[in-house]
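For the working numbering, add 41 to where a residue sits in the sequence shown, where the first one is 1. Ideal placement from N, C-alpha and C gives every residue a C-beta, glycine not left out. Have a look at the structure below, then the notes.
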Amino acid sequence: MNEPRVAVVTGGAQGIGKAVGQALAAAGFSVALTDIQHDRVEATAQELSADTGARVRGYAADVTDLVAVEASVGRINDELGRVDVLVNNAGIITSNYVPAEDVSEEDFDLMMATHVKGAFLYSKSVIPYMKRQKYGRIVMVSSVVGALGFTRRIGYSTAKTAVLGLTRSLAVETGRWNITVNCISPGYILTQPIADRVAAGDLDEESLLARVPLARWGRPEDIAGVIGALATPAFDYVTGTEIPVDGGYRIQGDYLRPDPES
Ligand SMILES: NC(=O)c1ccc[n+]([C@@H]2O[C@H](COP(=O)([O-])OP(=O)(O)OC[C@H]3O[C@@H](n4cnc5c(N)ncnc54)[C@H](O)[C@@H]3O)[C@@H](O)[C@H]2O)c1
Numbered sequence: 042m043n044e045p046r047v048a049v050v051t052g053g054a055q056g057i058g059k060a061v062g063q064a065l066a067a068a069g070f071s072v073a074l075t076d077i078q079h080d081r082v083e084a085t086a087q088e089l090s091a092d093t094g095a096r097v098r099g100y101a102a103d104v105t106d107l108v109a110v111e112a113s114v115g116r117i118n119d120e121l122g123r124v125d126v127l128v129n130n131a132g133i134i135t136s137n138y139v140p141a142e143d144v145s146e147e148d149f150d151l152m153m154a155t156h157v158k159g160a161f162l163y164s165k166s167v168i169p170y171m172k173r174q175k176y177g178r179i180v181m182v183s184s185v186v187g188a189l190g191f192t193r194r195i196g197y198s199t200a201k202t203a204v205l206g207l208t209r210s211l212a213v214e215t216g217r218w219n220i221t222v223n224c225i226s227p228g229y230i231l232t233q234p235i236a237d238r239v240a241a242g243d244l245d246e247e248s249l250l251a252r253v254p255l256a257r258w259g260r261p262e263d264i265a266g267v268i269g270a271l272a273t274p275a276f277d278y279v280t281g282t283e284i285p286v287d288g289g290y291r292i293q294g295d296y297l298r299p300d301p302e303s
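Here is the structure:
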């Protein structure tokens with residue numbers, strides 16, 4: 042194949058999605074960034090295109106709206122020629138941190154619609170293109186919050202756990218068309234909404250970092266590197282799996298006081 046492969050990154054206007062777009066463009070993909078923020082996604086696409094020299098285009102689409110999702114995928118296929126990789130990254134990480142009984146129906150629905158339905162609608166829309174070419178790489182973005190229990194994160198946590206079910210069942214269903222479906226689960230990545238929560242005093246930075254064996258915040262580039270790797274032939278025989286990218290947060294079991302000599 043002489044034409045570059047084409048990657049679609051949802052929620053690509055900023056944060057992790059922007060870093061994923063940058064990494065894939067630098068690796069030679071043509072990249073379609075989609076986002077609900079119309080102006081910002083255009084500006085980010087122009088910036089990444091100038092930085093990398095790759096074809097990077099911005100598309101306005103709300104992941105919860107099937108008509109908008111299908112229209113964006115159709116335009117991407119028309120303008121960039123194919124759809125090879127889909128990264129379901131769009132999300133809302135700053136829900137109200139309130140106990141389960143105080144979560145409104147609207148907030149819970151928004152979490153499920155954005156993270157679960159959104160990833161499903163984009164997957165559903167690209168699968169026919171991927172089946173035709175007998176090639177596709179779909180990457181879901183869950184979270185450490187989908188794997189463990191947390192207080193005051195019920196909607197987000199439930200939605201991110203459901204993304205794992207979506208990953209496994211889509212992987213089983215689409216495998217024979219050479220479509221892989223994998224999921225990465227970031228730990229704590231210092232993007233703007235998280236930085237805002239730290240500044241507001243909602244997150245205890247000291248106890249958080251004390252639990253991370255690699256002893257630092259994650260960076261968007263840490264996530265982008267792993268997603269970029271999943272889109273290479275090295276991962277051609279890997280499907281239906283979850284890869285935590287969390288500095289070791291989930292394997293931390295220590296409870297002794299820190300060694301005074303270290
Ligand atoms: N930052 C973290 O610590 C962290 C940890 C685990 C998982 N994640 C996940 O990573 C992904 C990206 O998070 P981030 O930290 O870059 O956040 P961010 O808020 O910086 O970026 C999210 C992007 O998604 C877009 N978006 C939101 N709702 C949308 C919709 N309905 N349709 C289309 N686009 C929409 C936003 O406009 C934004 O550009 C999310 O799925 C998030 O849940 C983040």
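request  = Can you give me the start and stop residues for the alpha helix (DSSP H) that residue 152 sits inside?
outcome  = 146-152
- Message: For ligand 1, is there any heavy atom lying closer than 8 Å to the beta carbon of residue 127?
- Response: no
Quiz prompt | Uninterrupted alpha helix (DSSP H) stretches inside the segment 229-278 (no shorter than 4 residues) | solution = 233-240, 246-252 and 261-271
message: Whole angstroms are fine: how far does the CA of residue 101 sit from the CA of residue 82?
response: 7 Å
If you follow the beta strand (DSSP E) that residue 226 is in, where does it begin and where does it stop? Segment 220-227, the beta strand (DSSP E) holding residue 226.
**Report entry** Beta-carbon proximity list for residue 174, same chain, < 8 Å, skipping 5 on both sides
**Finding:** 123 and 125
Comparing the CB of residue 49 with every heavy atom of ligand 1, is any distance shorter than 8 Å? Checking every heavy atom of ligand 1 against the Cβ of residue 49, none is found closer than 8 Å.
* Asked: Is there contact here, the segment 200-217 with the segment 170-188, by at least three beta-carbon pairs under 8 Å?
  -> yes
| said: At 3 residues or longer, what runs of the beta strand (DSSP E) sit wholly inside the segment 101-133? | reply: Listed in chain order, the complete beta strand (DSSP E) runs (minimum 3 residues) inside the segment 101-133 are 126-129.
Beta-bridge pairing of residue 284 - partner residues as DSSP gives them:
The partner list for residue 284 (beta bridge, DSSP) reads 225.
**Study point:** residue 42, DSSP secondary structure in three states
**Key:** coil
Original post:
Mind checking whether residue 57 and residue 230 have CB atoms under 9 Å apart?
Top reply: Inclusion of residue 57 and residue 230 in the CB contact set at 9 Å is warranted, their separation being smaller than that value.
key: residue 82, DSSP secondary structure in three states   = helix
Inset, instruction - Can you give me the start and stop residues for the alpha helix (DSSP H) that residue 188 sits inside? - result: Per DSSP, residue 188 belongs to the alpha helix (DSSP H) from 185-188.
| task | For residue 184, verify whether its CB is less than 8 Å away from any heavy atom of ligand 1. | result | Because some heavy atom of ligand 1 lies under 8 Å away, the Cβ of residue 184 counts as near it: yes.
Are there three or more Cβ pairs, one per stretch, closer than 8 Å when the segment 154-161 is compared with the segment 249-266? no
Pairwise C-alpha distance: residue 198 and residue 191: 8 Å
- Message: According to DSSP, is residue 297 part of a helix, a strand, or is it coil?
- Response: coil
- Helix, strand or coil at residue 98 according to DSSP, with G and I counted as helix: strand
| query | Looking at residue 66 and residue 93, is the spacing between their C-beta atoms short of 9 Å? | reply | yes
> Does at least one heavy atom of ligand 1 sit under 8 Å from the Cβ of residue 72?
Replying inline: no
- Query: Exposed or buried, what is residue 176 when buried is set at 16 or more other beta-carbons lying within 10 Å of its beta-carbon?
  - Reply: buried
Inset, instruction - Kindly indicate which three-state DSSP category residue 135 falls into: helix, strand or coil? - result: Secondary structure at residue 135: coil, using DSSP grouped into helix, strand and coil.
Handout entry: Limits of the unbroken beta strand (DSSP E) element including residue 68
Key = Careful: residue 68 lies outside any beta strand (DSSP E) and carries neither H nor E.
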